[in-house]
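Asker:
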Amino acid sequence: IQKVKEDFKINFPNEKKGIDKFFRHAEQLSTISSKLTNFIRSHETMTLFEKAVYHTRMLPFILPIIKHLKYAGNEGVKKGLSKYFKGDDIKDVFNSEVDLLSCLLPISWAKNKDYFTTPKGGSISHVNWLIQKNHSYGNQILLRTKANSIILDNKKATGITAINKNKEIAISAEYIVSASDLPSLYNSLLPPSAISSVTKQKLENSVMYTSSFTISVALDCPAQELGFTEELISLSKNNIPRYEHENSNPELSKLSIIAPSVRDTSICPTGQGMLTIYMAASMDKYDNWKTKKGENGETIRTKEYYNLKEDIAQQLLNRIERELAPNLKKHILFYETASPYTYNRYTDNYRGTMMGQRPGKINMQNKVASHITEIENLFVGGQWAELGGGIPIATRSAMNTMLIILRKKNKRSFKLLAKYFDGKLSLKKLNSMLEHMQN
21 IQKVKEDFKI NFPNEKKGID KFFRHAEQLS TISSKLTNFI RSHETMTLFE
71 KAVYHTRMLP FILPIIKHLK YAGNEGVKKG LSKYFKGDDI KDVFNSEVDL
121 LSCLLPISWA KNKDYFTTPK GGSISHVNWL IQKNHSYGNQ ILLRTKANSI
171 ILDNKKATGI TAINKNKEIA ISAEYIVSAS DLPSLYNSLL PPSAISSVTK
221 QKLENSVMYT SSFTISVALD CPAQELGFTE ELISLSKNNI PRYEHENSNP
271 ELSKLSIIAP SVRDTSICPT GQGMLTIYMA ASMDKYDNWK TKKGENGETI
321 RTKEYYNLKE DIAQQLLNRI ERELAPNLKK HILFYETASP YTYNRYTDNY
371 RGTMMGQRPG KINMQNKVAS HITEIENLFV GGQWAELGGG IPIATRSAMN
421 TMLIILRKKN KRSFKLLAKY FDGKLSLKKL NSMLEHMQN
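Mapped onto the working numbering, the consecutive letters of the sequence shown carry residue numbers 21 to 459.
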């Protein structure tokens, strides 16, 4: 962090005072974020008294964050950065960020060495771990199975119907935990009147993440030889409106480039490498990416769709070659592309969005994220239950949903786990007590 700060001062010698202030605030946030580990329980898992204690304990940590929240949106970010910097050149370093916290927090995370890196073996290691854990508990995993509807008894969820190998099946359950996106849950899996129009409207008006156009590239040489290291590279243009950085334009949009094979050589053959290139993208761009609708409303990926994907991929590769790695294309063995429609097809996530609802003032005020629904015994347990997204948020959400159910079904286990998550019980002690309970 100190080296990054000194590099800033070398490149922007007239901004030294503001740089010191900026990094001081980022380091304050790093101290706070490292102490938030024991503040991960949701309100739905607490009594009224516990909520009061929770907020009292959390207030000293949250106040320094609150003062930055108002600096969101195009004008908000500019105003926030003006608290630190005078010139436009240094502000342009953060030209694609949508709020001030997005400028500060990456430095905070780096200070804490909190990089959200995947385990050795890549993302598939998460899947393998989940499969192993489920099998160890005797749980059944159904592949090629699509949830069709939530079975209701008045306003209480009692099971689901699903399509498994072209046959409809019904599964009864005391509790239903949905890991899908909220629009699909509310509008497709439940009857139209099950969720209030007010709740649906709040969701419709919420600020969501975009989807992505992604290129996964296989290289005939280690990525380091082309200048890519373990850090994520952000490639963006100066002097363009902030919205253009997420406007699906391969020549203008911000690109995120990472070489996962640098940190973990096990994910590709020896002497070769991998690159992953992300560009924020929306489903409605390029005339819906040149797709068409079939007679039954299904999406048809036309020849023009595939041509468009290839054209955009080539523009992105040419741009990276021009601005970052001059010989990149000579070293490409092959690559695969994913459009917003690809993400939608594989995840069924609303409009192919990468995550759920963005953290920020609007979504916080409207309280769009919750583990509890208007249907009894129907809970949200994926990344849509909380603001943000990705594996860290999905994991935290699953933890809170589990606590909500245990609070009803097994109060003794609930109390032990709640103490552990509040930092009042060590993992060793927790495991010992849980093992004793089982025996």
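We put the CB at the ideal spot given by N, CA and C, even for glycine.
Bear in mind the structure is a predicted one, so any value in this text is a computation, not a measurement.
Pick helix, strand or coil for Q221, following the three-state DSSP scheme.
Answerer: Three-state DSSP puts Q221 in a helix.
Asker: Assign E117 to one of two classes, buried (16 or more other C-beta atoms within 10 Å of its C-beta) or exposed (fewer than that).
Answerer: Its Cβ being crowded by 16 or more others within 10 Å, E117 is buried.
Asker: With distances taken Cα to Cα, identify the nearest neighbour of L246 among A177, K187, M303 and P346.
Answerer: Closest option to L246, Cα to Cα, is P346.
Asker: Leaving out five residues before and five after H63 in sequence, what residues of the same chain have Cβ atoms less than 7 Å from its Cβ?
Answerer: Correct list, in chain order: K71.
Asker: Cβ atoms of L436 and M453: under 8 Å apart, would you say?
Answerer: Yes.
Asker: Counting pairs of beta carbons, one from the region 254-266 and one from the region 377-392, are three or more of them closer than 8 Å?
Answerer: Output reads no: the region 377-392 does not touch the region 254-266.
Asker: Between the region 349-366 and the region 183-202, do at least 3 Cβ pairs fall closer than 8 Å?
Answerer: Cβ pair count under 8 Å is below three, so no.
Asker: Looking at A279 and F233, is the spacing between their C-beta atoms short of 8 Å?
Answerer: No, these two residues do not count as a Cβ contact at 8 Å.
Asker: DSSP three-state label for D304, please.
Answerer: Coil at D304, not helix or strand.
Asker: Decide yes or no for the touch test of the region 48-68 against the region 122-134: beta carbon pairs closer than 8 Å, at least 3 of them.
Answerer: Touching, per the Cβ criterion.
Asker: Do the region 315-333 and the region 288-296 make contact, defined as three or more Cβ pairs closer than 8 Å?
Answerer: Contact between the region 315-333 and the region 288-296 is absent, because fewer than three Cβ pairs lie under 8 Å.
Asker: Tell me the rounded alpha-carbon separation between N316 and M228.
Answerer: Answer to the nearest angstrom: the Cα atoms are 28 Å apart.
Asker: By how many angstroms is the C-alpha of I183 removed from the C-alpha of K257?
Answerer: Cα to Cα, K257 sits roughly 46 Å from I183.
Asker: For S226, count neighbouring Cβ atoms within 10 angstroms of its own Cβ and tell me buried if that reaches 16, exposed if not.
Answerer: Buried, by the Cβ-count rule.
Asker: Would you identify the three-state DSSP class for V147, choosing helix, strand or coil?
Answerer: Reduced to three states, the DSSP call for V147 is helix.
Asker: Where P289 and I21 are concerned, what is the direct C-alpha to C-alpha distance, given to the nearest angstrom?
Answerer: Spanning the two alpha carbons is a distance of roughly 33 Å.
Asker: What's the call for V400, buried or exposed, on a 16-neighbour Cβ count within 10 Å?
Answerer: The residue in question, V400, is buried, as its Cβ has 16 or more Cβ neighbours within 10 Å.
Asker: Between the alpha carbons of L344 and F354, how many angstroms are there, rounded?
Answerer: The alpha-carbon atoms of L344 and F354 are separated by roughly 19 Å.
Asker: With 16 as the cutoff for other CB atoms within 10 Å, does P242 come out buried or exposed?
Answerer: Result: buried.
Asker: Taking the continuous alpha helix (DSSP H) assigned at Y366, which residues delimit it?
Answerer: From DSSP, the alpha helix (DSSP H) with Y366 extends over P360 to T367.
Asker: How about D119 and V97: are their beta carbons less than 8 Å apart?
Answerer: Contact: yes.
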